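A short write-up of the structure that comes next.
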Amino acid sequence: MTDCVFCKIVAKQIPATVVHEDEATLAFMDIGQVNPGHVLVACKAHVENVYGLADAQAAAVFHAAARVARAIRAAFNPPGLSIYQANGIPAGQTVLHFHLHLLPRHDADGMQLVWPVKNPPREKLEEYAAQIRAQLA
Ligand code: 5GP
Ligand code: ZN
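In our numbering, the protein residues as written are 1098 to 1234.
Spelled out as structure tokens, the structure:
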């Protein structure tokens, strides 16, 4: 896609600091570096979000992510590492080209994800699950 910043990075039209590249994925340093070693793993094809990923692309992205995560651990030895992946503006996605974040984590590093649990009764879980299973069938 011509005006997509990650497509431009994949096409080497704008610079990025690449750590890994294969046929289907490109992993490069996030320009914001929330913590040192913060890497983005993107699929090379312009797929906007998780819903559009072909099976092979999904497999390739997580294969690359696991490899790069191990390399980040070996290089930086962070006490934690979060994987973030946003789909859609309300979820926090700012670049509409599928990518996931590999984010080294440290105690009190300022990262926040508010997790407002509702703890519904088990019948609710069954109801929600039935709706999802109906779509998977
Ligand atoms: P999102 O909020 O969509 O999950 O994350 C997008 C990420 O892309 C942000 O963390 C942002 O710092 C990063 N980013 C945006 N533009 C560029 C760029 O031109 N180069 C690189 N390396 N990262 C970018
Ligand atoms: Zn793109």
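Just so you know, even glycine gets a beta-carbon here, dropped at the ideal spot from N, CA and C.
Here the structure is a predicted model, which means the values were calculated and not measured.
To the nearest angstrom, report how far apart residue i and residue j are at their CA atoms.
i: I1106; j: A1155; result: 20 Å
i: D1100; j: T1191; result: 14 Å
i: H1117; j: L1233; result: 33 Å
i: V1147; j: F1125; result: 19 Å
i: K1215; j: I1111; result: 44 Å
i: S1179; j: Q1209; result: 11 Å
i: G1149; j: R1167; result: 27 Å
i: G1207; j: G1185; result: 23 Å
i: Y1181; j: F1159; result: 12 Å
i: L1197; j: A1161; result: 11 Å
i: E1220; j: I1229; result: 14 Å
Within 10 angstroms of its Cβ, does residue i collect 16 or more other Cβ (buried), or is it exposed?
i: L1222; result: exposed
i: V1211; result: exposed
i: I1128; result: exposed
i: P1201; result: buried
i: A1188; result: exposed
i: A1113; result: buried
i: I1169; result: buried
Minimum length 3: unbroken beta strand (DSSP E) runs contained in the region 1146-1227: Secondary structure within the region 1146-1227: the beta strand (DSSP E) runs of 3 or more consecutive residues, fully enclosed, are 1177-1181 and 1196-1202 (chain order).
Every unbroken beta strand (DSSP E) within the region 1101-1142, with a cutoff of 3 residues, ordered by chain: As far as the region 1101-1142 is concerned, its whole beta strand (DSSP E) runs of at least 3 residues are 1115-1118, 1122-1126 and 1136-1140.
Given 8 Å, three or more beta-carbon pairs between the region 1099-1114 and the region 1137-1144: The answer is yes - the region 1137-1144 touches the region 1099-1114, with three or more Cβ pairs under 8 Å.
Residues passing the C-beta test against the ligand ZN heavy atoms, cut-off 7 Å: One residue list follows from the rule of a beta carbon closer than 7 Å to any heavy atom of the ligand ZN, given in chain order as M1098, C1101, F1103, C1104, H1143 and H1194.
Sufficient close CB pairs (3 or more, under 8 Å) joining the region 1158-1178 to the region 1126-1139: Proximity of the region 1158-1178 to the region 1126-1139 meets the contact definition, three or more beta-carbon pairs being nearer than 8 Å.
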